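Student: Our numbering applies: residue 42 is where the sequence shown begins, and numbers increase by one. Where is the CB? At the ideal position from N, CA and C, for every residue including glycine. Keep in mind it's a predicted model, so treat the numbers as computed, not measured.
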Amino acid sequence: MVDLLRQEIATIADVVVVKVGTRVLTGEDGLLNHRRIASLAEQIHLQMAQGRKVVVVSSGAVGAGMAHLRLKQRPQDLAHLQAVAAVGQPLLVAAYDKAFLSHGRSAAQVLLTAEDLDDRVRYLNVRNTLLTLMEYGVVPIINENDTVAVDELVGTFGDNDRLAALVTQLLRAPLLILLSDVDGLYDGDPEQSDSQVITTVTEIDKSIKKLAFPQVSLLSRGGMDSKLEAARIVTAAGESVVLASGLIAENINEILSGEPVGTLFVPSGQSVSLRKRWIGYTVQPRGW
42 MVDLLRQEIA
52 TIADVVVVKV
62 GTRVLTGEDG
72 LLNHRRIASL
82 AEQIHLQMAQ
92 GRKVVVVSSG
102 AVGAGMAHLR
112 LKQRPQDLAH
122 LQAVAAVGQP
132 LLVAAYDKAF
142 LSHGRSAAQV
152 LLTAEDLDDR
162 VRYLNVRNTL
172 LTLMEYGVVP
182 IINENDTVAV
192 DELVGTFGDN
202 DRLAALVTQL
212 LRAPLLILLS
222 DVDGLYDGDP
232 EQSDSQVITT
242 VTEIDKSIKK
252 LAFPQVSLLS
262 RGGMDSKLEA
272 ARIVTAAGES
282 VVLASGLIAE
292 NINEILSGEP
302 VGTLFVPSGQ
312 SVSLRKRWIG
322 YTVQPRGW
């Protein structure tokens with residue numbers, strides 16, 4: 042059944058940011074799941090063929106590097122994390138590139154740090170580059186530049202959920218799709234059988250934040266807390282967010298057809314200018 046609100050959101054979503062979590066991209070063995078990446082690429086290609094522009098924000102570099110190096114535990118110190126990310130990033134991009142080439146499309150690697158978006162000139166340069174890539178019909182694959190980043194890897198809030206939210210604001214994209222290994226935001230502990238997915242969230246208040254039950258993973262950093270914060274950033278600027286499972290085939294297509302998949306976070310504010318977005322959410326406060 043098509044929800045009218047979701048149908049409207051899908052209709053106006055001419056630019057879509059799709060964030061793919063590590064647990065979507067990897068199997069139980071920690072290796073990249075090439076079949077799933079191929080499915081994601083096929084769906085994105087179909088949406089682009091219909092006239093949409095799509096940007097992918099992808100985790101998975103550290104996970105891919107860990108699997109390649111046969112590491113069972115995620116490194117804790119910065120130098121080892123950066124080294125593992127350096128090994129995994131080309132494997133990740135190669136997997137995407139192969140998947141998109143089968144549809145006659147190219148993928149472009151875009152590595153960013155918080156500093157790239159903190160500086161106004163670099164912020165606008167990133168925007169112009171992404172817009173140009175999309176004009177060429179190329180799929181930008183964005184990831185944090187873990188090899189040179191500092192706080193992003195060891196901090197509790199430097200994750201690709203936030204990066205995806207900032208990219209959504211940067212492009213003024215009407216819709217951000219967060220693909221994870223959960224079906225959406227649950228009204229209770231997801232491990233309990235009586236918990237159900239909340240279909241629509243109109244305000245991210247304290248009652249919603251309490252539903253961010255902790256998730257433990259050796260491969261990824263972002264949990265439900267970071268997804269709710271990403272949704273807050275995007276909806277406050279007047280755009281929509283859908284949190285859904287990336288493990289289910291066709292979810293991207295169904296979301297962009299207005300189907301009631303996952304949890305929809307509706308805009309809580311009016312659309313604001315690009316400069317106000319940059320000042321309000323991207324620029325990092327500094328002490329003097």
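Just confirm the distance between the C-beta atoms of alanine 253 and aspartate 235, as a whole number of angstroms; I'd bet it's less than 8 Å.
Tutor: Position 212 of the sequence shown, counted from the start, is the residue given in the question as residue 253. Position 194 of the sequence shown, counted from the start, is the residue given in the question as residue 235. In fact, because the Cβ distance is near 19 Å, the residues do not count as touching under 8 Å.
Student: Could you name the residues that DSSP lists as bridge partners for isoleucine 182?
Tutor: Locating residue 182 in the sequence shown gives position 141, where the first residue counts as 1. BP columns for isoleucine 182 point to Val97 and Gln150.
Student: Using the beta-carbon count (16 or more within 10 Å), is leucine 45 buried or exposed?
Tutor: For the purposes of this step, residue 45 is taken as residue 4 along the sequence shown, with counting starting at 1. Looking at its Cβ environment, which holds fewer than 16 other Cβ atoms inside 10 Å, leucine 45 is exposed.
Student: Which residue marks the beginning of the beta strand (DSSP E) containing isoleucine 218, and which one marks its end?
Tutor: Within the sequence shown, numbered from 1, the residue matching residue 218 stands at position 177. Unbroken beta strand (DSSP E) run through isoleucine 218: 216–221.
Student: Identify the continuous alpha helix (DSSP H) that holds phenylalanine 141 and give its terminal residues.
Tutor: The residue you call residue 141 lines up with position 100 of the sequence shown. Phenylalanine 141 -> alpha helix (DSSP H) spans 119–142.
Student: Excluding the 5 residues flanking methionine 175 on each side, which residues of the same chain have their C-beta closer than 6 Å to its C-beta?
Tutor: On the sequence shown, position 134 is the one that residue 175 refers to. Excluding residues within five positions, the ones whose Cβ falls inside 6 Å are Lys94.
Student: Using the Cβ count rule (16 or more neighbours within 10 Å means buried), how would you classify aspartate 202?
Tutor: Counting from one through the sequence shown, the residue named residue 202 turns up at place 161. Classification for aspartate 202: buried.
Student: Does the segment 207–225 come within contact of the segment 49–66, defined as at least 3 CB pairs closer than 8 Å?
Tutor: Verdict: yes, contact present.
Student: Identify every residue that forms a DSSP beta bridge with valine 57.
Tutor: Here the question's residue 57 lines up with position 16 in the sequence shown. Answer by DSSP bridge pairing, in chain order: Val95 and Leu216.
Student: Within the continuous alpha helix (DSSP H) that includes leucine 174, where are the two ends?
Tutor: For the purposes of this step, residue 174 is taken as the residue at position 133 of the sequence shown. Start and end: 161–176.
Student: Check for me: the alpha helix (DSSP H) holding alanine 351 runs from which residue to which?
Tutor: Summary: the structure shown does not reach residue 351, with the chain confined to residues 42 through 329, and so no result is reported for it.
Student: For valine 283, collect the residues of the same chain with a Cβ closer than 6 Å to its Cβ; drop the 5 residues on either side in sequence, then sort them by chain order.
Tutor: Position 242 of the sequence shown, counted from the first residue, corresponds to residue 283. Ile218, Ile296, Gly303 and Leu305.
Student: Should leucine 171 go down as buried or exposed, given a rule of 16 or more other Cβ atoms within 10 Å for buried?
Tutor: Residue 171 sits at position 130 when you count from the first residue of the sequence shown. The residue is buried, with at least 16 neighbouring Cβ atoms inside 10 Å.
Student: According to DSSP, is threonine 304 part of a helix, a strand, or is it coil?
Tutor: Within the sequence shown, numbered from 1, the residue matching residue 304 stands at position 263. The answer is strand: DSSP assigns threonine 304 an E or B state.
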